[in-house]
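Participant:
Shown next as structure tokens:
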């Protein structure tokens, strides 16, 4: 039995990132949200394409310093920043610190004064913007994220010593299609300019990724046109976006092998090596992870009848479900299952120490080719 393996298609990632960059107007800065996938190879691949990286922890600051020495992070974000977090951001020379509350702004100012530095800040604002159809909403109502508009206005007008407020940041929802993402960006920009006279606005990320339709893609061209319209409306405005999932989701795959196949009360189950402790994405988002099956030509063990099947892992919980499918065809012991769209919020969000199973391996290349080569190897008894 072979351990599961993550395969990152870095050539595909580079091509996709370049297409995203090409769809955006020149006046829009493209940041990558490191939290989506902090893999060193991913960061190095994106470095020549993106305008910068957004970090949300000291660990991500360290990762960026290790992988891309000499390149200061473009942004540092996240709720609940400690004094140690803020001091680390100042020491790293972060270009913009996204501040979540008036109290955080005061603490940052005091740290900046004590260190002899000036903190360059965007205020994160929680605007009451309608986001119908979003998969995850973190703004528009009571929320731990960002400031109410009135608080942001007051902070912009009377910042503490050591702080220079450069503009506004808002990340209000995730799972937005291009028209809705464009509308949200417009609402954020117009409020920011009208209420605080912002010259810089970071409208966040949240571009939709549809795990039920792996062939679909966020319409970057349409979104780029919407942002171009905002730049025409506000000449001289600096606009930033910070996508994560929509950049890297498609570049990763999680490959594993079928250990057992069984029928229980009329339903088929395929038990694979690994599980949601390696790939938590489907459990976290509540979707069946898309997959393909590479059949072992010499396998003669149990096999499903080609009907509906539930693919599960090795954990001692009924929640360890990776996918369900009615169209996968037959699946047998020894077959290799390739879970697509595993390039974002996958291994890095997984409960990897549960049961203390071995971690997956990591490779780069074409996931389909790696899976085909694996399936072509003789099945060990």
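In our numbering, the protein residues as written are 32 to 412. Idealized CB from N, CA, C, for every residue including glycine.
1. Evaluate residue 127 with the Cβ neighbour count: other Cβ atoms within 10 Å of its Cβ, from every protein chain shown; 16 or more gives buried, anything less gives exposed.
2. What residue does the alpha helix (DSSP H) around residue 256 start on, and which one ends it?
3. Check for me: the alpha helix (DSSP H) holding residue 47 runs from which residue to which?
4. Quick one: what's got a C-beta closer than 6 Å to residue 357's C-beta in the same chain, skipping five residues either side?
5. Candidates 207, 223, 283: which alpha carbon is nearest residue 251's?
6. Examine the Cβ distances between the stretch 202 to 221 and the stretch 81 to 88 and report whether three or more of them are shorter than 8 Å.
7. Counting C-beta neighbours from all protein chains within 10 Å, is the total for residue 387 16 or more, i.e. buried, or is it exposed?
8. So, does the stretch 96 to 108 touch the stretch 65 to 77, judging by three or more C-beta pairs under 8 Å?
9. Count the other CB atoms, across all protein chains shown, that sit within 10 Å of the CB of residue 55; report buried if there are 16 or more and exposed otherwise.
10. Can you confirm whether residue 96, when its beta carbon is compared against all beta carbons of chain D, has any partner nearer than 7 Å?
11. Are the CB atoms of residue 261 and residue 217 nearer to each other than 7 Å?
12. With respect to the beta strand (DSSP E) encompassing residue 195, which residues constitute its N-terminal and C-terminal limits?
13. Return the first residue and the last residue of the alpha helix (DSSP H) that residue 57 is part of.
14. Using the C-alpha atoms, what's the distance from residue 130 back to residue 61?
15. Excluding sequence positions up to five away, which residues of its chain have a Cβ less than 8 Å from the Cβ of residue 288?
16. For the putative contact between residue 361 and residue 334, defined by C-beta atoms under 8 Å, what is the C-beta separation to the nearest angstrom?
17. By the three-class DSSP mapping on this structure, what secondary structure does residue 342 have?
18. Starting from the Cα of residue 39, find the closest Cα among 51, 63, 75, 64 and give me that residue.
19. Name the two residues that bound the continuous beta strand (DSSP E) containing residue 299.
20. State the Cα-Cα distance for the pair residue 192 and residue 255, rounded to the nearest angstrom.
21. Note the first and the last residue of the continuous alpha helix (DSSP H) segment covering residue 72.
22. Check each candidate in 307, 298, 160, 152 and name the one with the smallest Cα separation from residue 231.
23. By how many angstroms is the C-alpha of residue 384 removed from the C-alpha of residue 308?
24. Thinking C-alpha only, which one of 401, 117, 78 is nearest residue 145?
25. For residue 293, which residues does DSSP report across the bridge?
26. Assuming residue 85 is part of the beta strand (DSSP E), what are its boundary residues?
27. Sorted by chain position, which residues of the same chain lie with C-beta nearer than 8 Å to residue 409's C-beta, five sequence neighbours on each side aside?
28. Can you give me the start and stop residues for the alpha helix (DSSP H) that residue 400 sits inside?
29. Within the continuous beta strand (DSSP E) that includes residue 154, where are the two ends?
30. For residue 385, name the three-state secondary structure that DSSP assigns.
Facilitator: Reading from the atomic positions:
1. Here residue 127 corresponds to residue number 96 of the chain shown, with the count starting at 1. Buried.
2. Here residue 256 refers to the residue found at position 225 of the chain shown. Element bounds for residue 256: 251 to 264.
3. Taking the chain shown and counting its residues from 1, the one referred to as residue 47 is at position 16. Residues 41 to 54.
4. Numbered from 1 along the chain shown, position 326 holds the residue referred to as residue 357. Excluding the 5 residues flanking it on each side, residue 357 has same chain C-beta neighbours closer than 6 Å at 339, in chain order.
5. Numbered from its first residue, the chain shown carries residue 251 at position 220. For residue 251, the closest alpha carbon among the candidates 207, 223, 283 is that of 207.
6. No, the stretch 202 to 221 is not in contact with the stretch 81 to 88.
7. Taking the first residue of the chain shown as 1, we reach residue 387 at position 356. Note on residue 387: under 16 other CB atoms within 10 angstroms of its CB, so exposed under the neighbour-count rule.
8. Cβ pair count under 8 Å is three or more, so yes.
9. Taking the chain shown and counting its residues from 1, the one referred to as residue 55 is at position 24. Buried.
10. Among the chains in the structure shown there is no chain D, since it carries only a single protein chain.
11. Taking the first residue of the chain shown as position 1, residue 261 is located at position 230. Taking the first residue of the chain shown as position 1, residue 217 is located at position 186. Their beta carbons are under 7 Å apart, which means residue 261 touches residue 217 by this criterion.
12. On the chain shown, residue 195 is found 164 positions in, with the first residue counted as 1. Start and end: 194 to 200.
13. Residue numbering aside, residue 57 sits at position 26 when the chain shown is read from its first letter. Here residue 57 belongs to no alpha helix (DSSP H), and DSSP marks it neither H nor E.
14. By 1-based counting over the chain shown, the position of residue 61 is 30. By 1-based counting over the chain shown, the position of residue 130 is 99. Cα-Cα distance, rounded: 20 Å.
15. Position 257 of the chain shown, counting from 1, holds the residue named residue 288. Same-chain partners within the cutoff: 32, 33, 35, 303, 304, 365, 366, 367, 368, 405.
16. Indexing the chain shown from 1 puts residue 361 at position 330. Indexing the chain shown from 1 puts residue 334 at position 303. The beta-carbon distance between residue 361 and residue 334, rounded to whole angstroms, is 5 Å. This is short enough to meet the 8 Å contact definition.
17. For this step, residue 342 is matched to residue 311 along the chain shown. The answer is strand: DSSP assigns residue 342 an E or B state.
18. Within the chain shown, residue 39 is the residue found at index 8, counting from 1. Cα-wise, what sits closest to residue 39 is 75.
19. Numbered from its first residue, the chain shown carries residue 299 at position 268. Per DSSP, residue 299 belongs to the beta strand (DSSP E) from 298 to 303.
20. In the chain shown, the residue the question calls residue 192 occupies position 161. In the chain shown, the residue the question calls residue 255 occupies position 224. Cα to Cα, residue 192 sits roughly 37 Å from residue 255.
21. Numbered from 1 along the chain shown, position 41 holds the residue referred to as residue 72. 71 to 77 is the extent of the alpha helix (DSSP H) around residue 72.
22. In the chain shown, counting from the first residue as 1, residue 231 sits at position 200. For the options 307, 298, 160, 152, the alpha carbon positioned closest to that of residue 231 is the one of 152.
23. As a working note, residue 308 is residue 277 in the chain shown. As a working note, residue 384 is residue 353 in the chain shown. C-alpha of residue 308 to C-alpha of residue 384: approximately 7 Å in a straight line.
24. Start at 1 with the first residue of the chain shown, and residue 145 comes out as number 114. Taking only the C-alpha atoms, the option nearest residue 145 is 117.
25. Residue numbering aside, residue 293 sits at position 262 when the chain shown is read from its first letter. Its beta-bridge partners are 300.
26. Within the chain shown, the letter at position 54 stands for residue 85. Here the beta strand (DSSP E) through residue 85 covers 83 to 86.
27. Against the chain shown, residue 409 aligns to sequence position 378. Excluding sequence neighbours, residue 409 sits near 329.
28. In the chain shown, counting from the first residue as 1, residue 400 sits at position 369. Where residue 400 is concerned, the enclosing alpha helix (DSSP H) stretches over 398 to 407.
29. Walking along the chain shown from the start, residue 154 turns up at place 123. In the DSSP annotation of this structure, the continuous segment of the beta strand (DSSP E) that includes residue 154 starts and ends at 150 to 155.
30. One-based indexing of the chain shown puts residue 385 at position 354. Residue 385: helix per DSSP, three-state reduction.
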